[in-house]
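K.L.:
For reference, the structure I am asking about is given below.
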Amino acid sequence: MEKEKDLVSFPLIKAHLYFAVLMSFIVVVAGLTYSMQFIDLYPFPKIEWLSPGRVRMLHTQAIAYAWLANIFFAIILYMLPKLTQKPILSEKFGWFCFYVYNFLIILTVVGILGGYAQAQEWGETPLILDPFIAVAAVCWIVNVVGGTVWRARDQQFYVTVWYFLAALIWLPLVYVMGNFLPQYVFGGTGGATISSMYIHDLVGLFVTPIGVGMAYYLLPVILKKPLYSHALSLIGFWGLAFFYPMNAAHHYLWSPIPMWTQYASVVASVGMHVVVYTVVFNIFATMASDWNKVGTSLPLRWVFFGTLFYLITCIQCAIHSTLTVQEYVHFTDWVVGHAHLVLFGTFSFWAFGFIYHFLPKITGNDLFSKALGEWHFWLSVVGMVLMDIVLIAAGLIQGSMWRNLSPFIDTVIASKPYWWARTLVGCVLLVAEVCFFINVVMTYLKGRKLRQSVRSEVMA
Amino acid sequence: MKNLEKFSTLFLVAGFGSFALAFLLLGVWPAIMTNRLESQPLPSEIPADFTEYYKTVEEYQAALFQGRDIYIKEACWHCHSQFVRPVGNESIRYGLVSVAGEYQNDLSKPQLFGTRRVGPDLSREAGKRTNDWHFAHFYNPKLVEPESVMPQFSWYYDESTNPPTPKKEAVALVAYIQSLGAWTLGVKSSAYDLNEVTMPPNPTEN
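Line by line, the protein sequences are chains L and P. First residue of the first sequence: 1, per the working numbering; consecutive thereafter. First residue of the second sequence: 1001, per the working numbering; consecutive thereafter.
Structural data, given as structure tokens:
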């Protein structure tokens, strides 16, 4: 145990984890608040800094950079030292990066609400903060990768390390590309080409590889048996590295971007079938013969359902990013449903799997309540499934009504029942989030009380 | 196979290589292609509807940029797209299909194509509605469209008067909206040939 403490810096992991959990609460509240605009119940229609457009950007930015990035940092800080058996370069510098990065995140929130947002989807961070965030991220990455993977570079790596290493190289490249090129170098259509690459790569080259790498780590640890196939993980990894960055232009199909670019991105998107099926098959084949544990182990169930949603969302992606289907569903709520399935249904679910499995280990005391964990799980699953059904249905209706040239406002009126349903589902997800939040906070407080009593005993 | 798992392979080929390949091939190359298209000049005279607000062309052009910045900070582009696709009857609903060259000016830097239509596309909005309609609409969209789900932007109005008067910002925003696709107003509908305008022009033919 003493040795593990030298290897993994638990206080730093805890800091990232708690901040991520706090931010996940803001994500849900902001999303729910924004959805109320669509049913004429927006609570602050006349307050400038809480205008729905700004709250929407808060919702998405908090997902990407506050919740997912922080929980991923916590996960990487745990898994990379364990996998390479080397600690990070400096724990002190890690703390410095933690404070600087999250101070910048808070400034981002203030900046977006204050009206300094940048026009880049998934990159609305005020332009003035972008260089600092890039530098902070690079510092964090050098501190972690330089300590672990670099010092262990002669070892043979487990698949998780491939994914994490690649993702941590991609993140700064993607961030700098998307935030500066469309702003300063390429305007108009050329900017859209780069912009679409950023929209896609942030999910494809940062969130996806870290999510998949984490799932590959969680499964063997929870099930106590090796991964099903090494060859499949190789195909999955190199397929992702090759196809995913090329998917970019499928976010602007039928736009003025040169058609050959769009065709290439469609071909690469269809190529994603290969990647997804190998990963999903590998995960499910590892679980096979242990299906009963999906019922009994909460962390494993998060991973299982996350993988299920991953399969659904990626099949959906590879289908709707063809020109034919895109013609109907682009610009509609279909895409919004898809985004929720990706970032909540898949990657957040996997992250919850990590939290429920490792929180006892990281904090050193048992989970506060198993029942709350079950409530969090089932409400999230039900909420996710309902939200996706509602948004896909709304998307198909909007797409066909636009196509048949109904007056635009009629398509808005037709969507309203679905938007009502979405807000109600959002309430379910808020309850789920509250269960989660209470559980983590109480686990933390319980641990603190325990430590205090130990300390007072020692003092006495 | 073992080579695929080495640090150097992962670092250089997967990390930098795969990113660079896609970035150069499907990012920079098409971006340079479209960047070489002829630039689309900003309006060189003040439209008749705006002569009461702006005295010189420079003032009017500055207002377009101010309006564009408000469009960005209020995240208008999250709910309104700015390109007309050659499919889905969009040319009937909105107007001329978008071409690459029309975005070649500093107003489109950063680009505002958008990926969602909670409200309609705005790239052919110029001249479709009056300024007064827009002023009322931005103040409270439900005044002119009771079923609208668009937010209010009442902070761009002086509410001490009755009716509220638009501040400089609101005028700039309307000027920007009324400039979107203004160049198509001069294009005769007979010139509207799908085969001619849907495909982005090839820059090598200049």
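Beta carbons: idealized from backbone N, C-alpha and C, even for Gly.
Which ranges would you report for the alpha helix (DSSP H) in the segment 95-165 of chain L if only whole runs of at least 4 residues count?
P.N.:
Those alpha helix (DSSP H) runs which fall completely within the segment 95-165 of chain L and span 4+ residues are 130-147.
K.L.:
Quick one, which residues of the segment 44-63 of chain L are near chain P if we go by CB-CB under 7 Å, in chain order?
P.N.:
Listed by position along the chain: 45, 46, 48, 51, 52, 53, 54, 56 and 57.
K.L.:
Evaluate residue 85 of chain L with the Cβ neighbour count: other Cβ atoms within 10 Å of its Cβ, from every protein chain shown; 16 or more gives buried, anything less gives exposed.
P.N.:
By 1-based counting over the first sequence, the position of residue 85 of chain L is 85. Per the 10 Å Cβ criterion, exposed.
K.L.:
May I ask you to report which of helix, strand or coil DSSP gives residue 1176 of chain P?
P.N.:
The residue labelled residue 1176 of chain P in the question sits at position 176 within the second sequence. Looking at residue 1176 of chain P - three-state DSSP - the assignment turns out to be helix.
K.L.:
So, using beta-carbon positions, are residue 299 of chain L and residue 218 of chain L closer together than 8 Å?
P.N.:
Within the first sequence, numbered from 1, the residue matching residue 299 of chain L stands at position 299. Within the first sequence, numbered from 1, the residue matching residue 218 of chain L stands at position 218. Closer than 8 Å, so yes.
K.L.:
What are the uninterrupted segments assigned as alpha helix (DSSP H) that are 4 or more residues long and contained completely in the segment 159-222 of chain L, given in chain order?
P.N.:
Here the runs fully enclosed are 159-180 and 188-201.
K.L.:
Which residues of the segment 1127-1160 of chain P have a Cβ closer than 8 Å to any Cβ of chain L? Give them in chain order.
P.N.:
The residues in question are 1145, 1147, 1148, 1149, 1151, 1152, 1153, 1154 and 1155.
K.L.:
Residue 252 of chain L CB to nearest chain P CB: under 8 Å?
P.N.:
On the first sequence, position 252 is the one that residue 252 of chain L refers to. Chain P contact via Cβ: present.
K.L.:
Between the C-alpha atoms of residue 226 of chain L and residue 288 of chain L, what's the straight-line distance to the nearest angstrom?
P.N.:
Translated into positions along the first sequence, residue 226 of chain L becomes position 226. Translated into positions along the first sequence, residue 288 of chain L becomes position 288. Computed Cα separation, rounded: 12 Å.
K.L.:
Can you pull the chain P neighbours of residue 238 of chain L, defined as C-beta to C-beta under 8 Å?
P.N.:
Taking the first residue of the first sequence as 1, we reach residue 238 of chain L at position 238. What residue 238 of chain L touches in chain P: 1004 and 1014.
K.L.:
Interface residues of chain L around residue 1170 of chain P at Cβ under 7 Å?
P.N.:
Here residue 1170 of chain P corresponds to residue number 170 of the second sequence, with the count starting at 1. Per Cβ cutoff of 7 Å: no residues; residue 1170 of chain P is ~13 Å from chain L at best.
K.L.:
Please name the residue in L:422, L:449 and L:344 whose C-alpha comes closest to that of residue 39 of chain L.
P.N.:
Along the first sequence, one-based indexing puts residue 39 of chain L at 39. Nearest C-alpha to residue 39 of chain L: L:422.
K.L.:
For a test of the three-state rule: what should DSSP assign to residue 1158 of chain P, helix, strand or coil?
P.N.:
By 1-based counting over the second sequence, the position of residue 1158 of chain P is 158. It is a strand residue.
K.L.:
With H, G and I counted as helix, E and B as strand and the rest as coil, what does DSSP make of residue 1041 of chain P?
P.N.:
For the purposes of this step, residue 1041 of chain P is taken as residue 41 along the second sequence, with counting starting at 1. Here residue 1041 of chain P sits in coil by DSSP.
K.L.:
Taking a contact to mean a Cβ-Cβ separation below 8 Å, would you say residue 109 of chain L touches residue 433 of chain L in this structure?
P.N.:
In the first sequence, the residue the question calls residue 109 of chain L occupies position 109. In the first sequence, the residue the question calls residue 433 of chain L occupies position 433. No, they are not a contact pair.
K.L.:
Hey, how far is the Cα of residue 339 of chain L from the Cα of residue 1177 of chain P?
P.N.:
On the first sequence, position 339 is the one that residue 339 of chain L refers to. On the second sequence, position 177 is the one that residue 1177 of chain P refers to. Cα to Cα, residue 339 of chain L sits roughly 29 Å from residue 1177 of chain P.
K.L.:
Could you tell me whether the Cβ of residue 183 of chain L comes closer than 8 Å to any Cβ of chain P?
P.N.:
In the first sequence, the residue the question calls residue 183 of chain L occupies position 183. With 8 Å as the cut-off, residue 183 of chain L counts as an interface residue toward chain P.
K.L.:
Since residue 102 of chain L contacts residue 19 of chain L with CB under 8 Å, what's their CB separation in whole angstroms?
P.N.:
Residue 102 of chain L sits at position 102 when you count from the first residue of the first sequence. Residue 19 of chain L sits at position 19 when you count from the first residue of the first sequence. Yes, they are in contact, since the Cβ atoms of residue 102 of chain L and residue 19 of chain L sit about 6 Å apart, within 8 Å.
K.L.:
Classify residue 286 of chain L as helix, strand or coil using the three-state DSSP reduction.
P.N.:
Taking the first residue of the first sequence as position 1, residue 286 of chain L is located at position 286. In the structure shown, residue 286 of chain L sits in a helix (DSSP, three-state: H, G or I).
K.L.:
Which residues, taken in chain order from the segment 246-272 of chain L, show a beta carbon closer than 7 Å to some beta carbon of chain P?
P.N.:
So the close ones are 246, 248, 249, 251, 252, 254, 255, 256, 257, 258, 259, 261, 264 and 265.
K.L.:
Taking the beta carbon of residue 1084 of chain P as the centre, do at least 16 other beta carbons fall within 10 Å, making it buried, or is it exposed?
P.N.:
Counting from 1 along the second sequence, the entry for residue 1084 of chain P is found at position 84. Buried, by the Cβ-count rule.
K.L.:
Please list, in chain order, the chain L residues whose beta carbon lies closer than 7 Å to that of residue 1174 of chain P.
P.N.:
Your numbering for residue 1174 of chain P matches position 174 in the second sequence. Those within 7 Å of residue 1174 of chain P in chain L number zero; the least Cβ separation is about 17 Å.
K.L.:
In this structure, what does DSSP give as the bridge partners for residue 1023 of chain P?
P.N.:
Here residue 1023 of chain P refers to the residue found at position 23 of the second sequence. In the DSSP output, where bridge partners are listed per residue, residue 1023 of chain P has none listed.
K.L.:
Tell me which residues share the same chain as residue 372 of chain L and place their Cβ nearer than 7 Å to its Cβ, disregarding the 5 neighbours each side in the sequence.
P.N.:
What you label residue 372 of chain L is simply residue 372 of the first sequence in a count that begins at 1. 435, 438 and 439.
K.L.:
Should residue 427 of chain L go down as buried or exposed, given a rule of 16 or more other Cβ atoms within 10 Å for buried?
P.N.:
In the first sequence, counting from the first residue as 1, residue 427 of chain L sits at position 427. Looking at its Cβ environment, which holds fewer than 16 other Cβ atoms inside 10 Å, residue 427 of chain L is exposed.
K.L.:
Just to confirm the assignment: which complete beta strand (DSSP E) runs, minimum length 3, are found wholly within the segment 343-403 of chain L?
P.N.:
Those beta strand (DSSP E) runs which fall completely within the segment 343-403 of chain L and span 3+ residues do not exist here.
K.L.:
In this structure, what does DSSP give as the bridge partners for residue 331 of chain L?
P.N.:
Stepping through the first sequence from its first residue, residue 331 of chain L is reached at position 331. Note: residue 331 of chain L sits in a beta bridge opposite P:1116.
K.L.:
Which same chain residues end up closer than 7 Å to residue 1190 of chain P when comparing Cβ atoms and leaving out the 5 residues on each side of it in sequence?
P.N.:
Along the second sequence, one-based indexing puts residue 1190 of chain P at 190. With a pLDDT of only 44 at residue 1190 of chain P, under 50, the local geometry of the prediction cannot be trusted, and the value read off the model is given with reservation. Here the set comprises nothing.
K.L.:
Does any residue of chain P bring its CB to less than 8 Å from the CB of residue 216 of chain L?
P.N.:
For the purposes of this step, residue 216 of chain L is taken as the residue at position 216 of the first sequence. Judged by the 8 Å Cβ criterion, residue 216 of chain L is not in contact with chain P.
K.L.:
From the DSSP output, in three-state form, read off residue 15 of chain L for me.
P.N.:
By 1-based counting over the first sequence, the position of residue 15 of chain L is 15. Of the three classes helix, strand and coil, the one that applies to residue 15 of chain L here is helix, per DSSP.
K.L.:
With DSSP run on the structure shown, which of helix, strand or coil describes residue 1051 of chain P?
P.N.:
Indexing the second sequence from 1 puts residue 1051 of chain P at position 51. Note: residue 1051 of chain P maps to coil in three-state DSSP.
K.L.:
Let me know if residue 301 of chain L comes out buried or exposed under the rule of 16 or more other beta-carbons within 10 Å of its beta-carbon.
P.N.:
Position 301 of the first sequence holds residue 301 of chain L. Looking at its Cβ environment, which holds 16 or more other Cβ atoms inside 10 Å, residue 301 of chain L is buried.
K.L.:
Between the Cα of residue 194 of chain L and those of L:246, L:240 and L:166, spot the shortest distance and give me the residue it belongs to.
P.N.:
Position 194 of the first sequence, counted from the start, is the residue given in the question as residue 194 of chain L. Comparing Cα-Cα distances from residue 194 of chain L to each of L:246, L:240 and L:166, the minimum goes to L:246.
K.L.:
Is the beta carbon of residue 1116 of chain P less than 8 Å from the beta carbon of residue 331 of chain L?
P.N.:
Within the second sequence, numbered from 1, the residue matching residue 1116 of chain P stands at position 116. Within the first sequence, numbered from 1, the residue matching residue 331 of chain L stands at position 331. Going by C-beta atoms, residue 1116 of chain P is nearer than 8 Å to residue 331 of chain L.
K.L.:
So, is the C-beta of residue 1089 of chain P closer than 8 Å to a C-beta in chain L?
P.N.:
Taking the second sequence and counting its residues from 1, the one referred to as residue 1089 of chain P is at position 89. Interface residue, yes.
K.L.:
For residue 1003 of chain P, count neighbouring C-beta atoms within 10 Å of its own C-beta (all shown protein chains included) and say buried if the count is 16 or more, exposed if not.
P.N.:
Position 3 of the second sequence, counted from the start, is the residue given in the question as residue 1003 of chain P. By the neighbour-count rule (16 or more Cβ atoms within 10 Å), residue 1003 of chain P is not buried but exposed.
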